[in-house]
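If you use UniProt numbering, the sequence shown corresponds to residues 1 to 413, in order.
No residue lacks a Cβ here, since even glycine has one placed at the ideal position from N, Cα and C.
In this text the structure is predicted, and so the values were computed from the model without any measurement.
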Amino acid sequence: MNSKNENFCGKIETIVVSGCESSRLHLTCRHLNSIIAILEADFFQEFNESALNESLAISTAFPPYHPRQALNQRCSLDGGRAGGQGQGRLIDRAPNRSRRHVANWKGTYLGLCCRCSGVNHCSFILEEDCPGARAWGPGNLTVKYICVSEDHIHKFCNSEILLSDTGDPLLSQGFIHNPGYPRFYSSQRECRWKIRVPQQQRIKFTVLDIAVTADRTVHPDECTDQLEFIDSGQVVEATCRPQEPPLEVLSEGEFMEVVLVSRHSLTPRRGILVHYTAVGCPTPEAPEDGYLVYRNETAAEYSCCVNRVFEDDGRKTKVVQCLGARWDIDLPLPNCTRKPQHKPLLPVEEIRQPPEVEMASDILAPALLIAALFLINFIVLFYIYKIKQKHAIEFADEELGTLPLSNNEKTSP
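Pasting the structure below:
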């Protein structure tokens with residue numbers, strides 16, 4: 001048997017367990033004040049060539065009795081007075097044709113609800129707890145369930161429930177079940193719950209488990225005890241039988257009533273377990289110096305007034321997306337502030353110096369250039385003068401050395 005803790009969100013935990021047709025699946029919650037609610041049950045059959053020519057449709061049905069009352073209150077294939085009927089069909093899901101999936105296998109889901117919903121822990125063996133399942137042969141059963149703590153369950157009649165608009169997933173959903181669930185429900189009375197969500201939101205209900213008394217003397221679609229969903233004073237949905245997939249009801253507005261109607265005495269049947277959650281997002285308040293442009297079920301656009309932008313990103317408009325029952329950003333929206341005034345950058349050719357600086361540079365530059373030229377000319381002339389002077393001295397010395405001696409110098413002894 002394999003198990004996996006898929007996610008843990010506050011005090012609502014989703015768990016997946018799986019095992020073969022003869023394995024004992026243990027469904028348990030880690031907290032003693034939590035109960036099990038079955039979400040899905042899928043059976044993947046091992047591929048068998050000999051079964052290709054056989055019928056691929058098998059009917060399964062389950063009696064509405066709680067299995068803790070007697071060991072023989074199990075599944076059946078007679079399709080008779082069960083709490084509901086459903087067809088199972090075998091379809092190929094695996095590309096390698098090594099496994100096939102039994103789709104819409106209502107019997108397994110109902111059997112698990114009958115045995116495990118509303119308790120803290122239980123065990124389930126497919127072949128023993130549902131003898132008709134042997135017709136599918138070997139395979140793998142996967143069960144997905146949640147553990148719900150008591151503080152997320154409203155179990156008292158005539159309750160009014162107001163969901164928060166904070167966007168917290170834990171505060172925008174919950175569960176209701178009748179007093180005495182899953183052992184009995186009290187009859188000859190109406191058990192009523194009123195659920196309200198913020199404006200521009202709706203409520204989605206999912207009937208996870210239902211086991212009430214159905215009057216078998218009248219038409220099968222008529223029930224003496226039933227679960228009703230009332231919207232704007234009108235019964236929009238009523239049921240007394242389990243369905244697969246579970247029945248879902250969506251309100252038209254932000255208010256709806258759920259009523260368990262019973263006309264019999266105390267009934268040793270489970271009653272109902274219903275999940276509700278807010279759908280849609282309430283319109284956020286417009287920011288300061290801003291306004292709402294438009295909104296629909298999935299998005300809303302806001303814009304700032306003239307010369308103002310959102311302080312977080314400096315943009316004039318902002319679009320927010322609705323993710324289930326909350327927006328994709330933290331509320332409230334950032335305010336609009338005055339648009340910063342930035343001096344425009346001038347092109348290089350337009351960058352000019354003051355007139356006084358330009359005039360001084362126009363005069364000083366030529367003057368310095370002329371002075372530099374005069375200095376260079378002076379140095380060159382001075383160097384030429386020195387060279388000429390040196391050459392003149394050398395020439396004079398050479399001339400003196402070549403003059404003849406006088407007569408007196410020659411006759412002197």
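Residue i - containing alpha helix (DSSP H), residue span
i: residue 126; result: 126 to 129
Nonlocal neighbours in the same chain, by C-beta distance under 7 angstroms from residue i, ignoring five residues either side
i: residue 280; result: 200, 201, 202, 297, 322, 325
i: residue 338; result: 307, 308
i: residue 213; result: 224, 225, 264, 267, 269
i: residue 246; result: 206, 207, 208
i: residue 197; result: 163, 203, 254, 278
i: residue 304; result: 289, 290, 310, 316, 336
Start-to-end residues for the beta strand (DSSP E) that takes in residue i
i: residue 223; result: Looking at the DSSP string, residue 223 is not in any beta strand (DSSP E), and its letter there is neither H nor E.
i: residue 248; result: 248 to 250
i: residue 136; result: No beta strand (DSSP E) contains residue 136, which DSSP labels as neither H nor E.
i: residue 34; result: 34 to 46
i: residue 257; result: 255 to 262
i: residue 18; result: 12 to 20
i: residue 333; result: Counting along the chain, residue 333 falls outside any beta strand (DSSP E), and DSSP gives it neither H nor E.
i: residue 159; result: 159 to 162
Cut-off 6 angstroms between Cβ atoms - residues of its own chain near residue i, not counting five sequence neighbours on either side
i: residue 334; result: 310, 311, 312
i: residue 327; result: 281, 320
i: residue 113; result: 38, 209
i: residue 125; result: 24
DSSP beta-bridge partners of residue i
i: residue 385; result: Paired residues: none, contrary to the question.
i: residue 276; result: 174, 205
i: residue 305; result: Partner(s): none; residue 305 has no beta bridge.
i: residue 231; result: 234
i: residue 323; result: 326
i: residue 318; result: 302
i: residue 146; result: 14, 37
i: residue 295; result: 300
i: residue 390; result: Per DSSP, none; premise fails for residue 390.
i: residue 122; result: 27
i: residue 190; result: 261
i: residue 185; result: 267
i: residue 154; result: 176
Beta-carbon proximity check, residue i vs residue j, cutoff 8 angstroms
i: residue 275; j: residue 317; result: no
i: residue 123; j: residue 39; result: no
i: residue 117; j: residue 32; result: no
i: residue 293; j: residue 285; result: no
i: residue 277; j: residue 204; result: yes
i: residue 11; j: residue 164; result: no
i: residue 191; j: residue 260; result: yes
i: residue 249; j: residue 236; result: yes
i: residue 29; j: residue 140; result: no
i: residue 137; j: residue 46; result: yes
i: residue 211; j: residue 132; result: no
i: residue 127; j: residue 252; result: no
Sequence-distant residues of its chain with Cβ nearer than 8 angstroms to residue i (five each side left out)
i: residue 146; result: 12, 13, 14, 15, 36, 37, 39
i: residue 329; result: 320
i: residue 299; result: 319, 320, 321, 322
i: residue 34; result: 11, 13, 120, 147, 148, 149, 150
i: residue 386; result: none
beta-carbon residue i near the ligand GDP non-hydrogen atom, thresh 7 angstroms
i: residue 297; result: Questions concerning the ligand GDP fall outside what the structure shown contains, since it holds no ligand whatsoever.
Closer than 8 angstroms is the cut-off here; do at least three beta carbon pairs connect the segment 175 to 187 with the segment 232 to 243? no
Would you call the segment 155 to 172 in contact with the segment 228 to 238, where contact means no fewer than 3 C-beta pairs closer than 8 angstroms? no
Do three or more CB pairs link the segment 170 to 179 to the segment 142 to 153 at distances below 8 angstroms? yes
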